[in-house]
Amino acid sequence: MSREPSNLLFAIHEKFSGLAAGFRERVCEDCNWSTPTFYRKMRAKETRGPADKGKQSTYLSSAERQRIVEIMDEVYDAFWKSMAKYRK
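Residue numbers (our numbering): 1 to 88.
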């Protein structure tokens, strides 16, 4: 029988707060990036011409995009499983 946390709202908020940091750390580790590089690559590159208006490209290679999506799935799955105790 699992014990309910003394402050459910605080416990859930702490888990959500750590989610973004955990994702960033995993991406930086797997892609061998520093934290500033992570944030630089996260910003969209601005387009130059009117034909490209509304389009966004990134500084990510296709391999980086694929790995980031894999990390997203792994982090989300771990998060979902860790939150099971609150659903009961």
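Backbone N, C-alpha and C define an ideal beta-carbon position, used for all residues, glycine too.
All of these numbers come straight from a predicted model, not from anything done at the bench.
Worksheet item: Can K15 and M83 be called in contact, C-beta distance under 8 Å?
Response: yes
Discussion item. To the nearest angstrom, how far is the alpha carbon of A78 from that of R67?
Written reply: 16 Å
Worksheet item: If you count every other CB in all the chains shown that lies within 10 Å of the CB of V27, and 16 or more means buried, which is it?
Response: buried
Discussion item. Our contact map puts I12 next to Y59 with C-beta atoms below 8 Å; I'd like the distance itself, whole angstroms only.
Written reply: Not quite, the Cβ-Cβ distance comes to about 34 Å (not below 8 Å), so this is no contact.
Discussion item. My assumption, with CB atoms under 8 Å, is that F38 sits in contact with V75. Please give the rounded CB distance.
Written reply: In fact, because the Cβ distance is near 14 Å, the residues do not count as touching under 8 Å.
Worksheet item: From P36 to L9, what distance separates their C-alpha atoms?
Response: 32 Å
Worksheet entry | S17 - DSSP class collapsed to helix/strand/coil | helix
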